[in-house]
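What follows is a set of notes on a single structure, which appears directly below.
There are 2 protein chains.
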Amino acid sequence: MTESRLIYLPLGGAGEIGMNAYVYGVGPEDDERLILVDLGVTFPDMETTPGVDLILPDIDWLAARADRLEAIFITHAHEDHVGAVAHLWSRLKAPVYARAFTAHLARMKMEEAGLDQEVVKTVSAWPETVEAGPFRVGFAPVSHSIPESAGLVIDTPHGRVVHTGDFKLDLTPGVGEPFDEAMWAEIARDGVQALICDSTNVFSEHPGRSESELGPRIEELVAGAPGLVAATTFASNIARLKTLAEAGQRAGRSVVLLGRAMRRMVTAAQDTGIVTDFPKVVPAEEAADIPRQNLMLLTSGSQGERRAATAQLSRGKYLGFELKEGDLFLFSSKTIPGNETSVLRIVNAFSAMGVDVVDDSSGAYHVSGHANRPDLARVHRLLTPKMLIPMHGEHRHLRAHVKLGDEAGIPGAVAPNGTMLDLTGAAPRVVEHIEAGRTYLDGAMQIGAFDGIVRDRIRMALNGHAMVTLILEEDELLGDPWCEIMGLPEKTRNGAPLVDALEAYLSDFLYRADRKTLRDDGKLDDAMRRIVRKAAFDEIGKKPEVTVVISRLT
Amino acid sequence: MTESRLIYLPLGGAGEIGMNAYVYGVGPEDDERLILVDLGVTFPDMETTPGVDLILPDIDWLAARADRLEAIFITHAHEDHVGAVAHLWSRLKAPVYARAFTAHLARMKMEEAGLDQEVVKTVSAWPETVEAGPFRVGFAPVSHSIPESAGLVIDTPHGRVVHTGDFKLDLTPGVGEPFDEAMWAEIARDGVQALICDSTNVFSEHPGRSESELGPRIEELVAGAPGLVAATTFASNIARLKTLAEAGQRAGRSVVLLGRAMRRMVTAAQDTGIVTDFPKVVPAEEAADIPRQNLMLLTSGSQGERRAATAQLSRGKYLGFELKEGDLFLFSSKTIPGNETSVLRIVNAFSAMGVDVVDDSSGAYHVSGHANRPDLARVHRLLTPKMLIPMHGEHRHLRAHVKLGDEAGIPGAVAPNGTMLDLTGAAPRVVEHIEAGRTYLDGAMQIGAFDGIVRDRIRMALNGHAMVTLILEEDELLGDPWCEIMGLPEKTRNGAPLVDALEAYLSDFLYRADRKTLRDDGKLDDAMRRIVRKAAFDEIGKKPEVTVVISRLT
Numbered sequence: 001m002t003e004s005r006l007i008y009l010p011l012g013g014a015g016e017i018g019m020n021a022y023v024y025g026v027g028p029e030d031d032e033r034l035i036l037v038d039l040g041v042t043f044p045d046m047e048t049t050p051g052v053d054l055i056l057p058d059i060d061w062l063a064a065r066a067d068r069l070e071a072i073f074i075t076h077a078h079e080d081h082v083g084a085v086a087h088l089w090s091r092l093k094a095p096v097y098a099r100a101f102t103a104h105l106a107r108m109k110m111e112e113a114g115l116d117q118e119v120v121k122t123v124s125a126w127p128e129t130v131e132a133g134p135f136r137v138g139f140a141p142v143s144h145s146i147p148e149s150a151g152l153v154i155d156t157p158h159g160r161v162v163h164t165g166d167f168k169l170d171l172t173p174g175v176g177e178p179f180d181e182a183m184w185a186e187i188a189r190d191g192v193q194a195l196i197c198d199s200t201n202v203f204s205e206h207p208g209r210s211e212s213e214l215g216p217r218i219e220e221l222v223a224g225a226p227g228l229v230a231a232t233t234f235a236s237n238i239a240r241l242k243t244l245a246e247a248g249q250r251a252g253r254s255v256v257l258l259g260r261a262m263r264r265m266v267t268a269a270q271d272t273g274i275v276t277d278f279p280k281v282v283p284a285e286e287a288a289d290i291p292r293q294n295l296m297l298l299t300s301g302s303q304g305e306r307r308a309a310t311a312q313l314s315r316g317k318y319l320g321f322e323l324k325e326g327d328l329f330l331f332s333s334k335t336i337p338g339n340e341t342s343v344l345r346i347v348n349a350f351s352a353m354g355v356d357v358v359d360d361s362s363g364a365y366h367v368s369g370h371a372n373r374p375d376l377a378r379v380h381r382l383l384t385p386k387m388l389i390p391m392h393g394e395h396r397h398l399r400a401h402v403k404l405g406d407e408a409g410i411p412g413a414v415a416p417n418g419t420m421l422d423l424t425g426a427a428p429r430v431v432e433h434i435e436a437g438r439t440y441l442d443g444a445m446q447i448g449a450f451d452g453i454v455r456d457r458i459r460m461a462l463n464g465h466a467m468v469t470l471i472l473e474e475d476e477l478l479g480d481p482w483c484e485i486m487g488l489p490e491k492t493r494n495g496a497p498l499v500d501a502l503e504a505y506l507s508d509f510l511y512r513a514d515r516k517t518l519r520d521d522g523k524l525d526d527a528m529r530r531i532v533r534k535a536a537f538d539e540i541g542k543k544p545e546v547t548v549v550i551s552r553l554t
Numbered sequence: 001m002t003e004s005r006l007i008y009l010p011l012g013g014a015g016e017i018g019m020n021a022y023v024y025g026v027g028p029e030d031d032e033r034l035i036l037v038d039l040g041v042t043f044p045d046m047e048t049t050p051g052v053d054l055i056l057p058d059i060d061w062l063a064a065r066a067d068r069l070e071a072i073f074i075t076h077a078h079e080d081h082v083g084a085v086a087h088l089w090s091r092l093k094a095p096v097y098a099r100a101f102t103a104h105l106a107r108m109k110m111e112e113a114g115l116d117q118e119v120v121k122t123v124s125a126w127p128e129t130v131e132a133g134p135f136r137v138g139f140a141p142v143s144h145s146i147p148e149s150a151g152l153v154i155d156t157p158h159g160r161v162v163h164t165g166d167f168k169l170d171l172t173p174g175v176g177e178p179f180d181e182a183m184w185a186e187i188a189r190d191g192v193q194a195l196i197c198d199s200t201n202v203f204s205e206h207p208g209r210s211e212s213e214l215g216p217r218i219e220e221l222v223a224g225a226p227g228l229v230a231a232t233t234f235a236s237n238i239a240r241l242k243t244l245a246e247a248g249q250r251a252g253r254s255v256v257l258l259g260r261a262m263r264r265m266v267t268a269a270q271d272t273g274i275v276t277d278f279p280k281v282v283p284a285e286e287a288a289d290i291p292r293q294n295l296m297l298l299t300s301g302s303q304g305e306r307r308a309a310t311a312q313l314s315r316g317k318y319l320g321f322e323l324k325e326g327d328l329f330l331f332s333s334k335t336i337p338g339n340e341t342s343v344l345r346i347v348n349a350f351s352a353m354g355v356d357v358v359d360d361s362s363g364a365y366h367v368s369g370h371a372n373r374p375d376l377a378r379v380h381r382l383l384t385p386k387m388l389i390p391m392h393g394e395h396r397h398l399r400a401h402v403k404l405g406d407e408a409g410i411p412g413a414v415a416p417n418g419t420m421l422d423l424t425g426a427a428p429r430v431v432e433h434i435e436a437g438r439t440y441l442d443g444a445m446q447i448g449a450f451d452g453i454v455r456d457r458i459r460m461a462l463n464g465h466a467m468v469t470l471i472l473e474e475d476e477l478l479g480d481p482w483c484e485i486m487g488l489p490e491k492t493r494n495g496a497p498l499v500d501a502l503e504a505y506l507s508d509f510l511y512r513a514d515r516k517t518l519r520d521d522g523k524l525d526d527a528m529r530r531i532v533r534k535a536a537f538d539e540i541g542k543k544p545e546v547t548v549v550i551s552r553l554t
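Line order of the protein sequences matches chains Z and P. Start counting the first sequence at 1; every next residue gets the next number (the UniProt record's numbering). Start counting the second sequence at 1; every next residue gets the next number (the UniProt record's numbering).
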């Protein structure tokens, strides 16, 4: 038996922003006891994953070793950290630990999936710890853009690991605990073997700003608005929602929460005692008679999600509300790359209604929830870890973060998903590469990224689809071949129906085909597919996907 | 007959960035003589226009009045101003006027489309003018991000109109004419009836910066790079390409142009005498033996286009070149909204190769080609037009630009595509709304945006496609119904093949169906479609698109 070692293996979140899932192990090679930190999702897009509902980490490696998995720890309740728990738990079957607010939301997910809520255990903040095999894990409060975020203090026989989760250094975060430098200094006092650290904002050069900066500015904006005011932010950003609602309240406006996600988050925060002084909220049904200059709507869908309240309002009346000339809409949020066109569509629709739109470009109405470059450097100095492993970031973020550590003399490694590191020594060492990828939640099914299903959807979207039906009795044609098209022009460049043109080419081929060909489904299929693609290219300049159905009557 | 009037009608470019096409008319109502300014394209995306090659303005209104069209004027050679000329010219058949560089590229497009190049006429810069019916039009040089951009001075019986085209105020543009305040003051001396003005940068609060600022910074960056240097920008930005090439040359590097678009643009600039001192360029084939620290590659594809040189290099070897650790890649460009994910994919691929990527975020390596807010205000003051019509911008840009004009006491109008304005009086007046939309170039065909073709592609991409074949003789089934699927999971949640499950549901229905139903194709089709959608939803949680083929043997 080999010596015990401490390993780190990201299955998601390293080499991307989203879908966090990090494995730690302690024990002899290939026999480590394991824990998992976070189990999040990422979101599909039309370009690469049309029709997919959610993207989950591929946990095949871990599921095959589920008997060695001691526990799952969730740092905070953002979807990219907790969103896959209910979808993948049945393959892992380990207890799930989190702080109260996160645990509350994780239980709701388990319940909705028909799973046992009891597997989710609530843990108090550091210095409370949970023992999980050779690990002892504590949830040290950090500030972020959702309540009760935690950095994990992971004690192992090979030393202490700090896994930051998502965090920022905020002394006045509004809701939740401020950055506690003394606590972290104390945690690091006896040495940190490895710091596994959030990287998303490593390219932001200035120190991060506090949530508390926004209050006065938002108040001023709302106080000066003549008409209805609506504002959006992430539904889970309770501190921001409170800031916005207070601004409304102080301007004498009734606050309405529009959007299920938003109401659910505020309720969860109240139920778990995170906020006890959230301004009074008026149900949408009761707001009909309130004059528009006395209203403040908080709407879900800051990323332009089509079915959320913000997008609905941009398309017209929603739950009795309708924006118009003189109203104000505030995006108290940043637009995540990839969502720009959806958000701009909404901004332009509001513009066409005469609504004044204010966004985060001035910096006055939004602050990030992540530590910027100087903040990261400060944390490196504070914890003085023996080694630094950047996580949660695209490759460019991980690489820049390693360089930042290098400047402070801390050895590091760029470890994208699937890279297993040995953290036992003086510096990280790559010991193995695991197949780590993505699984798609597609309707009720989980499908593999390489199953070809999504590839076929993309091909149909790009090329259209032609279907050919042929009926044979022995080697005799019964009638003519029949074409149907979907996603293709009806007419050819000569103005003739495309299906007629394709059928003519096919008939021409079939009437010349010899008996051997007519008896061979494979050959017929191949030939007819080729003919349709070539004919369509000649007639309309496109090569469609082709499905051939050969029916043989017997 | 009614009195003569001066009208303005945007068919593209107003309410969007891209696809510029603006009609002006002079004459009695419904009998105006017309000119068209610009005829550009915009680019498709997977989200809204999968499979489409290019998006063209819908010119039905103008084509129906082609006998009244005197001429087409092209302000500059960007694709969103000239790109649709060859695709739509046959429906308009009017002479096309442009300055030499633009005309050169327009002729190449006409030639490639098998059209007569002779219809494209070269015009010298202002004060030369072209007479076109009641219009007299001159090309007044403006600075932009492509050579020989022009603002049009359009004299009519109802006064002078200035149509800026895309422009910035650059006193040292590197290639082409600097901003000539005296010339514009002279043009405006006797009064400007209407200013039709570029709006894309109205939200940029600071005065625009000059192209000449970049040279020293790029030189410094290139001089300090230890390995190979590659840089990308828009292929048509000849000034930038020259700045980049000169930086390479001064650092003792051989300059290689990678990408057809880039070579074509540089050649066009040389052929038309725009640049006579472009640094010497080495063909890719002859660069094999040059040490990498002596190379400077200029690559096409700054927007992440999959098949362009930049993307090819990010995927590995391209034309003998391969980037590696210690090399530098410069994006001397901004990323257009919607292209972020494609560009970031490339940045991360370079990061994984160990290449240092530098982008425009510092402001040191890119300047915009459009006039910013203070520049627009300056032009308003300089030309003191009677009225201001913002063009080339999304709705939010047009609206903000009208407000900016208001502040200077100039009446304006937000006129999105299809809004016909009468410019004859003291202020713009909306007189009509025209059906203005988009046409898709799809392979060899032009299809309408509302033909349902693209909608069907999107549906197949989101929902997958199931095909059902059924053979009947009179009202007797011949064999069982047959299912094929594309873009759907092979197995159901019970692990059974999906097609088997669907066929079982269909058979069940068919064996119970009465003769009347079996004789009615419409009823059968409807019922089977409904059954497949419901069954698939039960089995895999998705409702696919369904095509039913019923064959009746007679």
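Don't be surprised by glycine CBs; every beta carbon is placed ideally from N, CA and C.
{"Check": "The beta strand (DSSP E) that contains ILE72 of chain P, what's its start and end?", "Outcome": "69 to 73"}
{"Check": "Please name the residues in the segment 201 to 212 of chain P whose beta-carbon is closer than 8 Å to at least one beta-carbon of chain C, in chain order.", "Outcome": "Any reference to chain C falls outside this structure, whose protein chains are Z and P."}
{"Check": "Closer than 6 Å by C-beta to PHE329 of chain P: which residues in its own chain qualify, once you throw out the five before and the five after it? Chain order, please.", "Outcome": "ALA230, PHE350, VAL355 and VAL357"}
{"Check": "Under 7 Å between beta-carbons, which chain Z residues line up against GLY443 of chain P? List them in chain order, please.", "Outcome": "ILE540, GLY541 and LYS542"}
{"Check": "Is the segment 435 to 454 of chain Z touching the segment 28 to 39 of chain Z in the sense that three or more CB pairs, one from each, lie closer than 8 Å?", "Outcome": "no"}
{"Check": "Note down, in chain order, each residue of its chain lying with its Cβ closer than 7 Å to the Cβ of LYS93 of chain Z, except the 5 sequence neighbours on either side.", "Outcome": "ALA66"}
{"Check": "Residues bridged to TYR318 of chain P by DSSP?", "Outcome": "P:PHE321"}
{"Check": "Measuring straight from C-alpha to C-alpha, what distance separates SER204 of chain Z and ARG373 of chain Z?", "Outcome": "6 Å"}
{"Check": "Can you tell me the Cα-Cα spacing of PRO141 of chain P and VAL367 of chain Z, whole angstroms?", "Outcome": "43 Å"}
{"Check": "Please compile the residues from chain P whose C-beta is within a distance smaller than 9 Å of the C-beta of LEU6 of chain Z.", "Outcome": "Here the premise fails: no neighbours, minimum Cβ distance about 26 Å."}
{"Check": "Comparing C-alpha positions only, which one of P:GLY320, P:GLY316 and P:GLY304 sits nearest to PRO291 of chain P?", "Outcome": "P:GLY320"}
{"Check": "Can you give me the C-alpha to C-alpha distance between PRO481 of chain Z and ALA449 of chain Z, rounded to a whole angstrom?", "Outcome": "35 Å"}
{"Check": "Just the C-alpha distance for HIS158 of chain P and LEU195 of chain P, rounded to the nearest angstrom, thanks.", "Outcome": "13 Å"}
{"Check": "Do we get a CB-CB distance below 8 Å when we pair ASN463 of chain P with the residues of chain Z?", "Outcome": "yes"}
{"Check": "Is ALA14 of chain Z close to chain P? Criterion is C-beta to C-beta, closer than 8 Å.", "Outcome": "no"}
{"Check": "Say whether chain P places a C-beta atom closer than 8 Å to the C-beta of LEU488 of chain Z.", "Outcome": "yes"}
{"Check": "Between the segment 331 to 353 of chain Z and chain P, which residues of the former have a C-beta closer than 7 Å to a C-beta of the latter?", "Outcome": "PRO337, GLY338, GLU340, THR341, LEU344, VAL347, ASN348, SER351 and ALA352"}
{"Check": "Count the other CB atoms within 10 Å of the CB of VAL175 of chain Z; is the residue buried (16 or more) or exposed (fewer)?", "Outcome": "buried"}
{"Check": "Output needed for GLU325 of chain P: all residues of its chain with C-beta closer than 6 Å, excluding positions within five of it in sequence on either side, in chain order.", "Outcome": "GLY354"}
{"Check": "Along chain Z, in chain order, which residues have C-beta atoms closer than 7 Å to that of PRO50 of chain P?", "Outcome": "ALA461 and LEU462"}
{"Check": "Skipping 5 residues on each side, what residues in its chain have a beta carbon closer than 7 Å to that of SER302 of chain P?", "Outcome": "THR232, THR233, PHE234, THR310, PHE331 and SER333"}
{"Check": "Taking only the alpha-carbon atoms, compute the straight-line gap between ILE55 of chain Z and LEU462 of chain P and give it to the nearest angstrom.", "Outcome": "15 Å"}
{"Check": "Is it buried or exposed, THR172 of chain P, if we count other Cβ atoms within 10 angstroms and call 16 or more buried?", "Outcome": "exposed"}
{"Check": "Going by the CB atoms, is the gap between ARG5 of chain Z and LEU34 of chain Z shorter than 8 Å?", "Outcome": "no"}
{"Check": "Starting from ALA466 of chain P and walking both ways along the beta strand (DSSP E), at which residues does that stretch end?", "Outcome": "465 to 473"}
{"Check": "Which one or two residues does DSSP pair with GLN293 of chain P in a beta bridge?", "Outcome": "None, per the DSSP bridge assignment."}
{"Check": "Run through DSSP, which three-state label would GLU47 of chain P get?", "Outcome": "coil"}
{"Check": "Just mark TYR511 of chain Z as buried or exposed, buried being the case when its beta carbon has 16 or more other beta carbons within 10 Å.", "Outcome": "exposed"}
{"Check": "Pick from P:LEU297, P:ILE17 and P:VAL85: whose alpha carbon is nearest that of GLY248 of chain P?", "Outcome": "P:LEU297"}
{"Check": "Spell out whether any CB of chain P is found under 8 Å from the CB atom of MET387 of chain Z.", "Outcome": "no"}
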